[in-house]
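Have a look at the structure below before the remarks.
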Amino acid sequence: MSGTLLLQQAINGLTLGAVYTLIALSFSLVMGILGILNLAIAELFMIGGYVGFTLIIAGAPLPVALLAGMLAAAALSLVIEKIGYEPLRNAPLITPMLSTLGFSIILQNLATNLWGSDPLQLPGDMLATRIALGEVSIGAMQLLVIGAAIVMVAALAFVIRYTTLGRALRAVAENRDVARLLGVRADRILLIAFLLSGLLAGAAGVLISLHYAAITPYIGVETGLKAIAVMVVGGVTRTWGALLAGPLIGLAEVATVAYGGSQIRDFVVYGLMILILLVRPQGLLGGARSDQGPRV
Amino acid sequence: MMLSVRGLTVSYGPIGAVHGIDLEIGAGEIVALIGANGAGKTTTVKAIAGLLPFGGSVTLDGTPLRPGAAERNLRAGIALVPEGRGILGRMTVEENLLMGTYCRTDRRAAAADLAGMYDRFPILADRRAGLASLLSGGEQQMLAIARALLSRPRLLLLDEPSLGLAPKMASFVFELVASLRADGLTVLLVEQKARHTLKIADRAYLLELGRVVTSGPARALADDPVISQTFLGGRPLAAEAPSGG
Numbered sequence: 001m002s003g004t005l006l007l008q009q010a011i012n013g014l015t016l017g018a019v020y021t022l023i024a025l026s027f028s029l030v031m032g033i034l035g036i037l038n039l040a041i042a043e044l045f046m047i048g049g050y051v052g053f054t055l056i057i058a059g060a061p062l063p064v065a066l067l068a069g070m071l072a073a074a075a076l077s078l079v080i081e082k083i084g085y086e087p088l089r090n091a092p093l094i095t096p097m098l099s100t101l102g103f104s105i106i107l108q109n110l111a112t113n114l115w116g117s118d119p120l121q122l123p124g125d126m127l128a129t130r131i132a133l134g135e136v137s138i139g140a141m142q143l144l145v146i147g148a149a150i151v152m153v154a155a156l157a158f159v160i161r162y163t164t165l166g167r168a169l170r171a172v173a174e175n176r177d178v179a180r181l182l183g184v185r186a187d188r189i190l191l192i193a194f195l196l197s198g199l200l201a202g203a204a205g206v207l208i209s210l211h212y213a214a215i216t217p218y219i220g221v222e223t224g225l226k227a228i229a230v231m232v233v234g235g236v237t238r239t240w241g242a243l244l245a246g247p248l249i250g251l252a253e254v255a256t257v258a259y260g261g262s263q264i265r266d267f268v269v270y271g272l273m274i275l276i277l278l279v280r281p282q283g284l285l286g287g288a289r290s291d292q293g294p295r296v
Numbered sequence: 001m002m003l004s005v006r007g008l009t010v011s012y013g014p015i016g017a018v019h020g021i022d023l024e025i026g027a028g029e030i031v032a033l034i035g036a037n038g039a040g041k042t043t044t045v046k047a048i049a050g051l052l053p054f055g056g057s058v059t060l061d062g063t064p065l066r067p068g069a070a071e072r073n074l075r076a077g078i079a080l081v082p083e084g085r086g087i088l089g090r091m092t093v094e095e096n097l098l099m100g101t102y103c104r105t106d107r108r109a110a111a112a113d114l115a116g117m118y119d120r121f122p123i124l125a126d127r128r129a130g131l132a133s134l135l136s137g138g139e140q141q142m143l144a145i146a147r148a149l150l151s152r153p154r155l156l157l158l159d160e161p162s163l164g165l166a167p168k169m170a171s172f173v174f175e176l177v178a179s180l181r182a183d184g185l186t187v188l189l190v191e192q193k194a195r196h197t198l199k200i201a202d203r204a205y206l207l208e209l210g211r212v213v214t215s216g217p218a219r220a221l222a223d224d225p226v227i228s229q230t231f232l233g234g235r236p237l238a239a240e241a242p243s244g245g
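If you want it as structure tokens, here you go:
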């Protein structure tokens, strides 16, 4: 394979990886605070994608479609928190996780009924613009996907690292009792975490549908769940870990398809996740083994 | 009375831990809760701070406190430094201190208080950019107390602040607690080191198996033969000079 093709595949892998990073951060926000995997995030990602995609096909400007996809996913995320998590917060961790699995299946069913099971396609002319970078070219949509993902990850990293809200999120994630003793309304912070998580998932959904120029109700399972692998590889609650692991998984996936065939793509991605769980369970950038601080 | 606790009961599921405790704290007092392990001291302060549901009543300056409302209680003026210090180890020292000002709306005064805290605890200023988990036990206790003070509480609850500290650092912590009186602070101090505690406290309550068995002025309790024998190793405080307050 030529160097040019390799570079082209790298650009494709990075685009995919940028989206994986966004979804992984969406999983990570809830996982870091609650210690549960919100399985419905994969379908929030799908619903956000459908809402944005539908608007784009209807002729809405991209920023409007992106925002609408984000808000739709965020609104559903809040519903999941209120109905699927809050009443079960004192139950064993597996209980709210099963509840999010239920939401996940309901959302997929909803999308199939609303939009049908056939893929929605983006008109070809929207994908025509390409920017030449020497011998390789990058599609305008790819550039948009990578650019938007970088802006959003940077914005999230800034909020978490430098703002009062970010400190409160981290405090609740580390030790909810101590955070409450410092005046943090943990329930409200949890809602904000679900809101941010939904916004990221929705954005990722719109961006991935632009990348593939198509969307189906099954994209959540096919693509969204791979972000769990990204989260595990990067370190479950590590922002920078997701930023590293997203492109890594994206590149691994694209390289697998290019060199080994698409039939072993998922084998490589999830195999990498299992390998990390076995040899470095805290992830590439994870520090301490524990994800939850001790209770007071 | 600033804090009034009446008939406090706390249970962990079906197991009762505190069985009808009454206690009062006046403004500016240092009041101690002493007793052996399992006496209900920590449970009592956690209930007052709002971390545990309780029966009975707790009022602060006459206003009833809702059970389990820690966030509200901090805003009402109650801060708890929990047993084990409750340091947020994945945050820096400065971030921990900033969390102490989380509820404050007077940003400028809060920044001035933070600078003042660094003057009071220079070691925290030196380590401000480092992870709090890397501090020594004594430094973590300083950080926990400094963080609690930054919320500008009226009532400070301290749960075993000397636990796990070297004797020299434990003495420093007791001197620090005694000095809080000069700041106009009211303190409820939970401790097993009864000797140090009774030296700096105004009054004390002795708890056993979730009940108050005796209470009174700290000096008088220290002279009680049973307490002296059980908690002070038979060596009364009378011969020793007060160390603070």
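The listed protein sequences derive, respectively, from chains A and B. In terms of the UniProt record's numbering, the first sequence is numbered consecutively and its last residue is 296. In terms of the UniProt record's numbering, the second sequence is numbered consecutively and its last residue is 245. For glycine and all other residues, C-beta sits at the position ideal for the given N, C-alpha and C. Just so we're clear, the structure is a prediction, and the values are computed from it rather than from any experiment.
With 8 Å as the threshold, decide whether the Cβ of residue i is near any Cβ in chain A.
i	result
Ser179(B)	no
Arg66(B)	no
Leu80(B)	yes
Met1(B)	no
Tyr12(B)	no
Met91(B)	yes
Glu95(B)	yes
Gly245(B)	Low confidence applies to Gly245(B): its pLDDT is 36, below 50, so where it sits in the model is not reliable, and the reading given next is rough at best. With 8 Å as the cut-off, Gly245(B) does not count as an interface residue toward chain A.
Ala241(B)	Per-residue confidence for Ala241(B) stands at a pLDDT of 49, beneath the threshold of 50, marking its modelled position as unreliable; the derived number appears in the next sentence. Not closer than 8 Å to any Cβ of chain A, the Cβ of Ala241(B) fails to qualify, so no.
By the criterion of Cβ-Cβ separation under 7 Å, what are the contact partners of residue i in chain B?
i	result
Thr164(A)	Tyr102
Bridge partners of residue i, per DSSP?
i	result
Gly139(A)	Arg130(A)
Tyr12(B)	Ile15(B)
Val190(B)	Leu33(B), Asp159(B)
Ser57(B)	Arg6(B)
Ile78(B)	Leu155(B)
Tyr205(B)	Leu33(B), Ser215(B)
Pro64(B)	Thr59(B)
Leu120(A)	Ile215(A)
Thr92(B)	Leu131(B)
Leu101(A)	BP columns for Leu101(A) are empty, so no partner.
Glu81(A)	Beta-bridge pairing links Glu81(A) to no other residue.
Glu24(B)	Ser4(B)
Report the neighbours of residue i on chain A: residues whose CB is nearer than 9 Å to its CB, in chain order.
i	result
Ser162(B)	Result: empty, since nearest Cβ-Cβ is about 18 Å, beyond 9 Å.
Mind listing the chain B neighbours of residue i? Cutoff is C-beta to C-beta under 8 Å, in chain order.
i	result
Leu182(A)	Leu74, Met99, Gly100, Tyr102, Cys103, Arg147, Ser151
Could you work out which residues of chain A lie near residue i, taking near to mean beta carbons separated by less than 8 Å?
i	result
Glu71(B)	Arg180, Gly183, Val184, Arg185, Ala186
Leu51(B)	Asp177, Arg180, Leu181, Val296
Gly86(B)	Asn175, Asp177, Val178, Leu181, Val296
Glu29(B)	Chain A residues near Glu29(B): none, gap ~22 Å exceeds 8 Å.
Establish whether the CB of residue i and some CB of chain B are separated by less than 8 Å.
i	result
Asn90(A)	no
Ala171(A)	yes
Met31(A)	no
Leu284(A)	no
Asp291(A)	Reliability fails at Asp291(A), whose pLDDT of 43 lies under 50, so the model's placement of it is uncertain and no value is given.
Anyone know if the C-beta pair for residue i and residue j falls short of 8 Å?
i	j	result
Ala18(A)	Gly48(A)	no
Ile138(A)	Ile11(A)	yes
Val172(A)	Ala186(A)	yes
Leu66(A)	Ala258(A)	no
Val177(B)	Ile30(B)	yes
Ile145(B)	Val81(B)	yes
Ile34(B)	Thr197(B)	yes
Ile146(A)	Thr15(A)	yes
Leu199(A)	Ala74(A)	yes
Leu243(A)	Val153(A)	yes
Ser4(B)	Thr59(B)	yes
Val10(B)	Leu52(B)	yes
Leu277(A)	Val232(A)	yes
Could you tell me which chain B residues have their CB closer than 9 Å to the CB of residue i, listed as they occur along the chain?
i	result
Ala168(A)	Met99, Tyr102
In chain order, what are the residue ranges of uninterrupted alpha helix (DSSP H) at least 4 long that sit wholly in the region 9 to 55 of chain A? none
Counting only runs that start and end within the region 191 to 275 of chain A, where is the alpha helix (DSSP H) found for 4 or more residues in a row? 226 to 234, 239 to 259
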